[in-house]
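Peer 1:
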Amino acid sequence: KVAAEKGCDTAWTTFSYTLVAALLSGFFFLQSNVVIVGIAFLVFMSFLNSISFSTMTIARMNALKYVPTGIAFPIMRLSTAIVVLFGLLYYGETLTAMQWIGVVLALATGLLLTRNNHRPENVPADKFRIGVILSLLALIGSDGATITGTIAVRAGDVMAFLGITYLLSTFYSLGVVKF
1457 KVAAEKGCDT AWTTFSYTLV AALLSGFFFL QSNVVIVGIA FLVFMSFLNS
1507 ISFSTMTIAR MNALKYVPTG IAFPIMRLST AIVVLFGLLY YGETLTAMQW
1557 IGVVLALATG LLLTRNNHRP ENVPADKFRI GVILSLLALI GSDGATITGT
1607 IAVRAGDVMA FLGITYLLST FYSLGVVKF
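In this note's numbering, the protein residues as written are 1457 to 1635.
#1: Check TYR1628 in the structure and name its three-state DSSP category.
#2: As an exercise, report each continuous alpha helix (DSSP H) stretch of at least 4 residues that is fully enclosed by the region 1551 to 1591, in chain order.
#3: Please report the residue range of the alpha helix (DSSP H) in which VAL1491 lies.
#4: Alpha carbon to alpha carbon, what distance is there between ASN1518 and THR1466?
#5: Could you tell me the distance, in whole angstroms, from the CA atom of THR1626 to the CA atom of SER1472?
#6: Using a Cβ cut-off of 7 Å (strictly closer), state whether LEU1498 contacts chain D.
#7: In whole angstroms, what is the alpha-carbon distance linking ALA1594 and ILE1514?
#8: If distances are taken between C-alpha atoms only, which option among LEU1569, ILE1538, TYR1547 comes closest to TRP1556?
Pasting the structure below:
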């Protein structure tokens, strides 16, 4: 939110963040002396994760330039409910009645907030629409990053996965043009 409010360049902010994360996770991976098994799978999942993560980061920062946080963040936080539903389908997890109520309320909140009649008066309709679309894109990116990350860390080394993911995200952010 601060980067968006200060008018910081999205690509530069993303590049800086991912570079620091890549260096730190790479350092900790190299310190661990872990032998990676299944490097092709790990690189593939890191590739998918880096695209998802970078998309989420860039869309989130840009969404906050168009709509207030009270609209953008509840939409983006729907990712928790969607990831829970993924866990039900992919991992066969179960939910309590209270958890189901939470998922339904989260989804209903997102649907209500994306309606145009919840647009603040000081936000033009076209900017509101762009902000909601970017918030939804951030939601999709967040879900993609969470799901690919969950699958990858269950199959391999966490620090190796993070190092490769953030390194790829750093390169991806270099190619992003300003919104």
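From the three backbone atoms N, C-alpha and C, an ideal C-beta is built for every residue, glycine too.
Peer 2: In this structure, then:
#1: Of the three classes helix, strand and coil, the one that applies to TYR1628 here is helix, per DSSP.
#2: Taking 4 residues as the shortest admissible run, the region 1551 to 1591 contains the following complete alpha helix (DSSP H) segments, listed from N- to C-terminal end: 1553 to 1569.
#3: In the DSSP assignment, VAL1491 falls outside any alpha helix (DSSP H) and carries neither an H nor an E.
#4: Spanning the alpha carbons of THR1466 and ASN1518 requires a straight line of approximately 7 Å.
#5: Their backbone Cα atoms lie some 8 Å apart in a straight line.
#6: Absence of chain D from the displayed structure is noted, only one protein chain being present.
#7: Per the coordinates, the alpha-carbon of ALA1594 lies some 8 Å from the alpha-carbon of ILE1514.
#8: Of all alpha-carbon atoms in LEU1569, ILE1538, TYR1547, the one lying nearest the alpha-carbon of TRP1556 is that of ILE1538.
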